[in-house]
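Down below is the structure, laid out as structure tokens.
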Amino acid sequence: MQNKILVVDDEKIIRESLSYILKKEGYEVEEAENGKVAFNIIK
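Put into structure tokens, the structure is as follows:
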């Protein structure tokens with residue numbers, strides 16, 4: 122099972138930078154720009 126991480130931040134550059142680092146470490150990453158979008162992803 123691959124580990125998954127949901128990155129939530131309203132600043133696009135922060136989300137993309139963190140996602141890039143986590144993907145290089147082998148994580149599956151999804152991004153959301155706010156809590157509402159994040160909630161829709163996890164439900």
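The opening position of the sequence shown corresponds to residue 122 in the working numbering, with each subsequent residue numbered one higher.
Glycine included, C-beta positions come from ideal geometry on N, C-alpha and C.
Note that the coordinates shown come from a computational prediction; the quantities given were computed from them, not determined experimentally.
Exposed or buried, what is residue i when buried is set at 16 or more other beta-carbons lying within 10 Å of its beta-carbon?
i           : result
residue 158 : exposed
Rank the options by C-alpha distance to the C-alpha of residue i and give the top, closest one.
i           : options       : result
residue 124 : 149, 164, 162 : 149
Just how far apart, CA to CA, sit residue i and residue j?
i           : j           : result
residue 142 : residue 153 : 16 Å
residue 144 : residue 129 : 15 Å
residue 147 : residue 140 : 11 Å
residue 136 : residue 160 : 16 Å
Looking at the secondary structure, which residues open and close the alpha helix (DSSP H) in which residue i lies?
i           : result
residue 157 : 156-163
So, for residue i: in the same chain, excluding its five sequence neighbours on each side, which residues have a beta-carbon less than 7 Å away from its beta-carbon?
i           : result
residue 162 : 127, 151, 153
CB-CB under 8 Å to residue i, same chain, minus the five flanking residues each way: which ones, in chain order?
i           : result
residue 132 : none
residue 155 : 129, 131
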